[in-house]
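Letter by letter, the sequence shown follows residues 0 to 416 in numbering that gives the first Met the number 0.
Each residue gets a CB set at the ideal place from its N, CA and C atoms; glycine is no exception.
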Amino acid sequence: MDKTFEPDVIIAGAGIAGATLALALRQSGLEPVLIDPAPFDSQLAPTFDGRASAIAYAAFRQWRALGVGEALAPHAQPIEQILVTDGRTPGAATPAPLPFHLRFDSAEIADRSEGEPLGYLLENRQIRAALARAVEAAGIPVLAPARVASAVFGKGGTEITLDDGRTLRAPLAVGAEGRGSVLRKAAGIGVVGWDYRQAGVVATVRLDRPHEGVAHEYFLPSGPFAILPLTDNRASLVWTEGSARAAALKSARPEVFHAHLMRRFGAFLGEARVEGPVFSYPLSLQLAERLTAPRLALLGDAAHGVHPIAGQGLNLGLKGVAALAEALTDAARLGEDIGSEVVLERYARWRRFDTAVLSAGMDAFVHLFSNDNPLLRLVRGAGMSVVNRIPPARRMFMQQAGGALGDLPRLLRGEAL
Ligand SMILES: Cc1cc2nc3c(=O)[nH]c(=O)nc-3n(C[C@H](O)[C@H](O)[C@H](O)COP(=O)(O)OP(=O)(O)OC[C@H]3O[C@@H](n4cnc5c(N)ncnc54)[C@H](O)[C@@H]3O)c2cc1C
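Here is the structure:
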């Protein structure tokens, strides 16, 4: 490493949150460096991340403002409608509408979203590929493979030691290394949360019927089952199951997995061919007790890991990127120390409330919907039909999901920093 190289911000973790932050900081003239044990090339392998993410339209605007919108557009499937159904048995296959049905339609908020869809569905590997190319083109240094091993947070800056013994110093470090954040631990920030004892089984299927941009969410007793439309008439399935059953599904032979899938959802899906490997992700709630510490900001899953029930995890991380990038940019322009407590507190204040409310909301949702208790079924059924009958309530839900409510940072409004 060049001895004279002194970045402004050391970002641990070149995942989607870390790489997006690096691009935002570079756009505003700051000098970030990214560190990751997995080089970009390996992140693009079909076996690395099989997920697709529902990206709120405000979060997608941020990527446009950072110059990656064009690379992502061919892979972005607009979500025109979301249908939520309370399915009691593995009767998601039932073609007839089930009693409690909630429908969100992009046309209803067209005036407020400037005609954008409810959001976009994108495969994570396509997002990673576009970000990797943009990071490279912007000349942002990436130390990979390299792992942050420890950190000392001093008065004037942070000193990071990598697992190969190299050290780096900067006024600020950002922990974007996911749920197992080393920087969070080094700063003594605890986490609260619990294991749902569930896993999300993820597979990509090619459909024989046109999906027409409709996303379906079925609430089954074992947990939600989502059918998320992808480009090229494919869909990403997120099938929540108890941990043991999820492990069995993941390791099942392809024909056995296919048979299970069709037995459960066949009539609804039509003929569906599984493409690529089946993945399984353990599900838990994990919230950092604080978003910042002296000379440290936490971002993305390092700060908040939530259940994917409403596809909000990465969106929360991307909102955090916009808020942190704006706080640091404005501070740098005013000649403030970007790692000082007063600057970091602006970021924490901006994100604290939204993160806590959304995480608690997702958790309540999981308990309410992954349950076959007749009383809870009555409550959720009543709730869904009330929301469905009140257009302003539906519009509020859609705007919240679109990430366009509240005091929005410039990037989420689609503006440059
Ligand atoms: C089944 C499922 C479906 C989901 N669907 C959605 C959805 O539809 N919409 C949505 O918004 N969210 C969704 N999520 C959540 C979303 O996937 C995560 O919130 C998101 O991937 C987190 O990104 P990140 O960049 O914060 O962390 P990560 O993706 O965990 O990246 C962390 C990076 O840090 C690196 N790293 C690890 N240790 C170190 C170290 N010591 N030093 C340096 N680097 C390190 C890792 O290699 C990795 O590249 C889903 C999650 C699951 C499980």
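- Could you check the C-alpha separation between Leu-286 and Ser-221 for me, to the nearest Å? 24 Å
- Task: Kindly indicate the opening and closing residues of the beta strand (DSSP E) around Ala-214.
- Result: 213 to 219
- Express the C-alpha separation of Ser-279 and Phe-199 in angstroms, rounding to a whole number. Per the sequence shown, residue 199 should be read as Gly rather than Phe. About 6 Å.
- Task: Just mark Pro-209 as buried or exposed, buried being the case when its beta carbon has 16 or more other beta carbons within 10 Å.
- Result: exposed
- Anyone know if the C-beta pair for Glu-170 and Gly-338 falls short of 9 Å? Note on identity: in this sequence residue 170 is Pro, with Glu being the wrong assignment. It is a contact, given that the beta carbons lie within the stated cut-off.
- Query: Would you call Asp-417 buried or exposed, if buried means 16 or more other Cβ atoms sit within 10 Å of its Cβ?
  - Reply: In this structure the chain extends from 0 to 416, so residue 417 is not present and cannot be described.
- Task: Would you mind giving the Cβ-Cβ distance between Val-204 and Arg-233, rounded to the nearest angstrom? I have them listed as a contact below 8 Å.
- Result: 6 Å
- Simplified DSSP state of Gln-311, which is helix, strand or coil: coil
- Per DSSP, what kind of secondary structure is Leu-333 in: helix, strand or coil? coil
- Is Ala-258 buried or exposed, if buried means 16 or more other CB atoms sit within 10 Å of its CB? exposed
- Query: By a C-beta neighbour count over all protein chains shown, 10 Å radius and 16 as the cutoff for buried, is Trp-349 buried or exposed?
  - Reply: buried
- Item | Buried or exposed (CB count within 10 angstroms, at least 16 for buried), Arg-165 | exposed
- Message: Using 8 Å for Cβ pairs, my map puts Ala-186 next to Leu-295. What's the rounded Cβ distance?
- Response: 5 Å
- Task: May I have a chain-ordered list of the beta strand (DSSP E) segments no shorter than 3 residues that lie completely inside the region 30 to 87?
- Result: 31 to 34, 51 to 55, 76 to 78 and 80 to 85
- Item | Under 9 Å between C-beta atoms of Ala-145 and Val-67 | no
- So what's Asp-440 in DSSP terms, helix, strand or just coil? Nothing in the structure corresponds to residue 440, since the chain is present only between 0 and 416.
- Starting from the Cα of Leu-33, find the closest Cα among Ala-172, Tyr-56 and Ala-202 and give me that residue. Ala-172
- Task: Sort Pro-38, His-303, Ile-126 and Ile-226 by Cα distance to Trp-62 and report the nearest one.
- Result: Ile-126
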